[in-house]
Structure formats: structure tokens, C-alpha cells
Amino acid sequence: MRKLQRVLAILGMASTAAMAQGFGDGEGTAIRPVDIYIYSASQGINQRIETRLTAPAVKTMSLSDYFGKLLCHGEVNATTKNWVFNNLRCPSLKIEIPTIELVENFRWGVMRHSLAKTELPNGLTVGIFLHLGSETQWESETRISPEKIQSLYGAFPDWKVSTK
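Quick note: the sequence shown, position 103, residue 103 per my numbering, numbers continuous.
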């Protein structure tokens with residue numbers, strides 16, 4: 001009985017780790033909502049773009065709008081607690097980010113999420129907000145409202161998060 005409990009515990013931890021990294025739904029695709037924030041004072045840009053993260057295989061990922069139009073692509077990895085996007089390229093948005101680590105966060109009454117902000121050489125400030133939801137769900141469309149995000153972190157681009 002103890003062996004079975006240990007095996008089940010190990011399997012549970014392995015599947016939880018895979019889900020926490022966002023990989024797999026039985027067909028190998030994880031889907032999570034992601035908001036991309038873009039700000040440029042010189043160009044008069046301050047916008048939020050709703051996208052969906054799709055990770056069909058380990059390390060590959062894409063961000064598409066809700067009509068399926070590809071906006072960004074790159075690699076996704078996970079550290080013990082945080083998500084890391086590598087070589088994130090968004091040609092139509094003129095964004096290229098070599099590496100950005102999203103810091104996982106949650107507060108009482110607010111679902112799990114990760115976020116990061118970075119400043120690019122071209123003068124753009126880019127924020128990424130990943131709505132993680134429950135790690136027991138392979139696919140999630142649940143979002144935290146922009147108003148709630150603002151109440152937690154302030155108005156973008158003045159989020160109270162570390163800039164990387």
C-alpha cells in the first residue's frame with residue numbers, strides 16, 4: 001500500500017509540474033490568455049492586446065489573437081516558480097525580446113498569474129501578463145480584468161514590478 005501511495009504521489013507531482021509549466025493537454029497543447037502591454041511616450045502609444053499563448057511542444061510557443069492570427073513566437077521555459085520567454089519575436093508589433101522572466105504572483109481572491117515589464121532599445125516599454133488560472137486545467141480562458149490588474153500593480157507603464 002505504501003509503495004502505491006508513493007508512486008501515486010510521484011505521478012501527481014510530475015503531472016502537477018508539467019501542468020505548472022503549461023505543457024500538454026493530452027495532445028501536447030497548452031492554452032493560456034496573455035495580455036501584451038505596449039507603451040511609447042514619443043509615439044503616443046499605450047495599448048493592451050489580448051492574445052492566447054499556445055505551447056504545442058516543449059519550448060515552442062506562439063501568441064495569437066482570438067481570430068488565430070499569429071502575433072508572436074518564441075520559446076517558453078519554466079524555472080521553479082517563474083515562466084521565461086526566450087527569443088520572443090512579434091514582427092507586426094516590432095517587438096523583439098531576447099529573454100524575459102515573468103514573476104509568478106497570486107493574492108487572496110486573485111488567480112495565479114505571471115507578469116514582467118521590460119524596456120526595449122527602440123524606446124518601447126513592453127509588459128506581459130500571463131493569466132495562469134488553475135494548474136489543474138490544461139486550457140483556460142479565464143482572465144483577470146484590466147481594472148483588477150491596475151488595482152494590484154498600478155497603471156501600465158508604471159507597474160510596480162521589477163524591470164528586466
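Even for Gly, the Cβ is constructed at its ideal location relative to N, Cα and C.
Pick from the options that is closest to residue i, judged by C-alpha positions
{"i": "phenylalanine 156", "options": "Leu132, Cys90, Thr60, Thr118", "result": "Thr118"}
{"i": "arginine 48", "options": "Leu152, Ser42, Pro146", "result": "Pro146"}
{"i": "threonine 51", "options": "Ser42, Asp65, Ala41", "result": "Asp65"}
{"i": "lysine 69", "options": "Ile100, Leu93, Met111, Glu139", "result": "Leu93"}
{"i": "threonine 99", "options": "Lys81, Asp35, Glu75", "result": "Glu75"}
{"i": "valine 110", "options": "Ser151, Ser62, Asn46, Gln43", "result": "Ser151"}
{"i": "threonine 29", "options": "Leu102, Leu63, Asn87", "result": "Leu63"}
{"i": "glutamate 101", "options": "Asn86, Cys90, Pro91, Ile95", "result": "Asn86"}
{"i": "histidine 73", "options": "Leu88, Ser42, Phe67", "result": "Leu88"}
8 Å Cβ shell around residue i - same chain, five flanking residues per side excluded
{"i": "histidine 113", "result": "Glu104, Asn105, Phe106, Phe129, Leu130, His131, Leu132, Ile144"}
C-beta atoms of residue i and residue j nearer than 8 Å
{"i": "isoleucine 97", "j": "valine 126", "result": "yes"}
{"i": "threonine 54", "j": "isoleucine 31", "result": "yes"}
{"i": "leucine 124", "j": "isoleucine 38", "result": "yes"}
{"i": "leucine 71", "j": "cysteine 90", "result": "yes"}
Contact set for residue i: own chain, Cβ-Cβ below 7 Å, skip 5 residues either direction
{"i": "lysine 160", "result": "Tyr153, Gly154"}
{"i": "glutamate 141", "result": "Pro33"}
Cutoff 6 Å; reference residue i; Cβ partners in own chain excluding five residues on either side
{"i": "valine 84", "result": "Asn77, Glu101"}
{"i": "lysine 81", "result": "Glu104"}
Problem set entry | beta strand (DSSP E) runs contained entirely in the stretch 42-94, provided each spans 3 or more residues | Taking only runs of at least 3 residues, the beta strand (DSSP E) segments lying wholly in the stretch 42-94 are 45-57, 60-64, 70-78, 83-90.
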